[in-house]
Amino acid sequence: MTDIPTVAPQLYLQSRSRWRPIEIVFWLATLLPFWLFPDYLSLASQIAVASLFALSLDLILGYAGVVSLGHAAFFGLGAYTAGLFSIYVWGEVFTGLIAGAAVAALVGYASSFIISRFRHLTLIMITLGLGLLLHEAANSAGWLTGGSDGLQGIEVWKVAGLFSFDLYGVTAYSYTLGVLFVVFLAARRLINSPFGLALRGIRENFVRMPAIGADSNSHIRKVYTISAALAGVAGALIAQTTQTVSLEALSFERSADVLVMLVLGGAGRLYGGLIGAAVFMIARDQFSGIAPQYWYFWIGILLVVVVMLLPNGILGGLSKIFARWSRR
Amino acid sequence: MLPPVFGVLFDGIAYGMLLFVLSVGLSVTLGLMNFVNLAHCAFAMLGGYVTVILMRDLHWPFFATLPMAFCAAALLSIVVERILYRRLYRASDLDQVLLTIGLAFISVAIAAWFFGTQQQPITLPSYLHGSFNVMGLNIAAYRLFLIAIGIVVTVMLIVTVEHTRFGAQVRAAVDNQRMARGLGIDVDRTFAITFALGSGLAGLGGALAIEIVGLDPQFAFTYLVYVLIIVSVGGLGSIGGSFAAACLIGVSDIAGKYYAPQLGAFLIYLVMVAVLMWRPAGLFGRR
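Respectively, the protein sequence lines represent chains A and B. Counting in the numbering used here, the first sequence runs from 52 upward without gaps. Counting in the numbering used here, the second sequence runs from 39 upward without gaps.
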């Protein structure tokens with residue numbers, strides 16, 4: 052490694068958390084759909100939700116190295132909680148988001164005691180098993196969740212009492228993008244803190260971190276809870292903007308999809324999940340128009356190509372090209 | 039007269055034998071190379087489709103198609119191992135998971151392209167049809183046949199692993215790969231052969247599974263979950279462990295469906311999470 056910092060730790064973290072021009076350009080570009088693709092705003096809001104979900108997975112997978120095949124559990128928990136909240140309590144959206152995040156965080160915290168004990172294949176199997184358990188539980192509890200028919204009758208109020216969810220998705224996209232941006236700021240702050248640095252240490256060497264004074268297990272418990280809460284927010288957003296929740300929100304396919312998005316964009320980079328989600332969702336939108344049943348063929352090809360040729364995702368590939376270009 | 043619990047036990051063990059044949063290959067390759075092959079059930083699916091084509095279009099007898107299902111899956115696995123898997127033995131878990139999930143997705147799409155998404159029924163020979171009555175128990179002939187196959191496969195595997203030179207090399211490589219290499223065992227070749235045998239068994243399992251659970255393009259994922267559960271519950275690299283876990287999961291699944299159908303597949307996931315909490319390396323795992 053050539054970029055070992057020789058500066059003081061505080062300065063190193065400060066320099067990492069400074070905003071770069073390309074980031075500002077990126078966030079300005081997220082506003083373009085309002086003018087360029089006004090017909091695709093509902094797709095854009097789904098991309099924002101998927102980005103948020105991928106970002107939550109990035110915190111545990113990209114930074115702490117915890118591979119999860121069951122992250123949809125928290126997405127689904129958030130979605131069902133927000134949906135039920137709007138049916139039984141009231142339709143105010145922000146409290147619904149908080150409720151979704153709180154329930155997901157609670158379950159995430161409880162399961163983090165299991166998660167932090169295991170590594171490797173056992174960990175993958177435990178996350179898969181817990182995800183499937185929750186899916187079956189939601190399927191069985193038809194009186195609460197509507198079972199395979201999905202949760203019906205969600206009605207949400209206007210956002211901040213002013214903007215109602217319209218057919219074109221203007222409000223939906225503004226709302227999801229706003230939430231995504233706020234959450235992104237929080238995640239960015241988290242990653243560029245000493246805590247974030249410790250997470251990367253755990254990813255690189257799980258056994259050594261406790262020896263230099265950072266308890267791996269308690270760090271993993273914390274980040275897993277945070278990640279679960281963020282996935283819950285993403286789920287709550289999808290429940291509020293589409294006003295329906297189906298069992299699909301808890302399914303293995305959703306866990307696999309978010310993994311694909313993150314790896315496609317580049318795990319362990321803040322923008323990896325965002326870029327990956329955008330590419331994935333747009334590609335799915337385009338390909339599904341041609342032949343929906345063969346969409347997974349292209350996903351499969353994509354995965355093989357990414358693993359074989361682009362080990363760090365699109366962003367990893369780009370930064371490699373950029374590094375080679377700037378060295379010249 | 040025997041109470042119905044024995045009937046459930048019998049069906050559960052027959053189902054467990056099917057799951058054992060499907061999963062034992064993955065267990066050994068995982069133990070040997072730590073290679074997480076989530077495309078394992080894609081090979082099983084290939085075996086199933088080979089049997090369907092041979093029986094329906096070429097009118098082969100059922101028994102003649104079983105070796106072909108084995109060989110087709112084994113041959114394809116050698117090709118895939120050479121081209122793709124070999125490069126990822128030292129890669130991270132995540133890369134292996136992604137690559138093999140990708141292959142499973144591709145296999146699902148290819149199967150849907152050639153055969154459509156509907157179930158592929160086959161007509162079994164008459165002597166495997168029907169059932170007979172033993173002390174009040176209704177014994178289906180095909181399930182008895184499954185148990186017989188399961189026992190034959192287990193005995194052959196145990197004899198191969200315990201009493202042949204090749205088996206000794208496999209055991210040495212599972213126990214301590216670096217030491218085995220140091221002793222001059224060609225671990226890569228051992229692995230390639232084991233991998234082909236394991237995939238072949240998966241292909242055989244896929245062919246046997248058609249009558250019990252049906253065959254459609256989603257097979258590669260539906261049964262992947264079962265196979266992974268058995269492998270992790272039984273412990274990596276342990277044939278006896280896979281056997282015990284397959285019986286446990288088979289009986290739990292059938293008993294769950296019989297006594298508490300509203301729980302659905304809840305019971306087996308619960309069994310898996312409980313076993314892994316108690317013993318993270320599986321029932322018979324050492325690492």
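We treat Cβ as the ideally placed atom computed from N, Cα and C, and that holds for glycine. These numbers were taken from a predicted model, which means no experiment stands behind them.
Simplified DSSP state of residue i, which is helix, strand or coil
i         : result
Leu84(B)  : helix
Phe322(B) : coil
Met52(A)  : Its pLDDT being 47, under 50, Met52(A) is placed unreliably in this model, and the coordinates cannot settle the point.
Ser130(B) : coil
Val210(A) : strand
Leu183(A) : helix
Phe169(A) : coil
Val118(B) : helix
Ser244(A) : coil
Leu361(A) : coil
Val172(B) : strand
Val265(B) : helix
Ala300(A) : helix
Leu202(A) : strand
Ala318(A) : coil
Ala70(A)  : The sequence as given places Trp at residue 70(A); Ala does not occur at that position. Coil, per DSSP.
His270(A) : helix
Phe257(A) : coil
Gly220(B) : helix
Gly154(B) : coil
Gly220(A) : coil
His78(B)  : helix
Bounding residues of the beta strand (DSSP E) (the contiguous stretch that carries residue i)
i         : result
Leu175(B) : Leu175 to Ala178
Ser276(B) : Where Ser276(B) is concerned, there is no enclosing beta strand (DSSP E), given that its DSSP letter is neither H nor E.
Amino acids of chain B, ordered along the chain, whose beta-carbon sits closer than 7 angstroms to that of residue i
i         : result
Pro60(A)  : The contacting residues do not exist; Pro60(A) stays about 28 angstroms from chain B at best.
Phe169(A) : Pro318
Anticipated Cβ contact below 8 angstroms, residue i with residue j, distance rounded
i         : j         : result
Ala133(A) : Leu148(A) : 7 angstroms
Glu119(B) : Phe233(B) : 5 angstroms
Val225(B) : Gln215(B) : 6 angstroms
Ile333(A) : Ile365(A) : Not a contact, Cβ separation roughly 13 angstroms.
Ile287(B) : Gly54(B)  : 7 angstroms
Leu92(B)  : Met106(B) : 6 angstroms
Leu369(A) : Ala124(A) : The pair is not a contact, with the Cβ atoms about 32 angstroms apart (cut-off 8 angstroms).
Ala155(A) : Ala279(A) : 5 angstroms
Val265(B) : His97(B)  : Contact doesn't hold; Cβ gap of about 31 angstroms is too wide.
Buried versus exposed, by CB contacts within 10 Å (16 or more), residue i
i         : result
Val197(B) : exposed
Pro72(A)  : exposed
Gln157(B) : exposed
Asn75(B)  : buried
Val356(A) : exposed
Asp95(B)  : exposed
Met52(A)  : Because Met52(A) sits at a pLDDT of 47, beneath the cut-off of 50, its placement in the model cannot be relied upon, and the following sentence gives the value as read from the coordinates. It is exposed - the Cβ of Met52(A) has fewer than 16 other Cβ atoms within 10 Å.
Tyr226(A) : buried
Phe322(B) : buried
Phe164(A) : exposed
Asp217(A) : exposed
Gly159(A) : buried
Arg69(A)  : exposed
Proximal residues of chain A, C-beta to C-beta of residue i below 9 angstroms
i         : result
Gln300(B) : Ser191
Residues that residue i contacts on chain B, provided the C-beta gap is smaller than 8 angstroms
i         : result
Glu187(A) : Leu301, Gly302, Ala303, Phe304 and Tyr307
Leu184(A) : Phe304, Tyr307, Leu308 and Val311
Ala307(A) : Ile139
Ile352(A) : Gly140 and Ile144
Beta-carbon neighbours of residue i, restricted to chain A and to distances below 8 angstroms
i         : result
Ser61(B)  : Result: empty, since nearest Cβ-Cβ is about 13 angstroms, beyond 8 angstroms.
Ser270(B) : Leu172, Thr173 and Met176
Asp133(B) : Val358 and Pro362
Residue range of the unbroken alpha helix (DSSP H) whose run includes residue i
i         : result
Arg209(B) : Arg203 to Asp213
Glu249(B) : Val225 to Val251
Phe125(A) : Ala123 to Tyr139
Trp194(A) : Gly193 to Thr196
Arg335(A) : Gly323 to Ile341
Gln300(B) : Note, Gln300(B): premise wrong, no alpha helix (DSSP H); not H, not E.
Thr67(B)  : Pro42 to Met71
Ile306(B) : Phe304 to Trp316
Pro84(A)  : Pro84 to Leu87
Asp109(A) : Leu92 to Asp109
Interface partners of residue i on chain B, CB under 9 angstroms
i         : result
Met260(A) : Correct list: empty, because the minimum Cβ distance to chain B is about 18 angstroms.
Ile253(A) : By Cβ distance, chain B contributes nothing, its closest Cβ being about 15 angstroms from Ile253(A), past 9 angstroms.
Phe348(A) : Phe143, Ile144, Val146, Ala147, Ile148, Ala150 and Trp151
Neighbouring residues, chain A, relative to residue i (Cβ below 7 angstroms)
i         : result
Met315(B) : Ile165
Val74(B)  : Leu172
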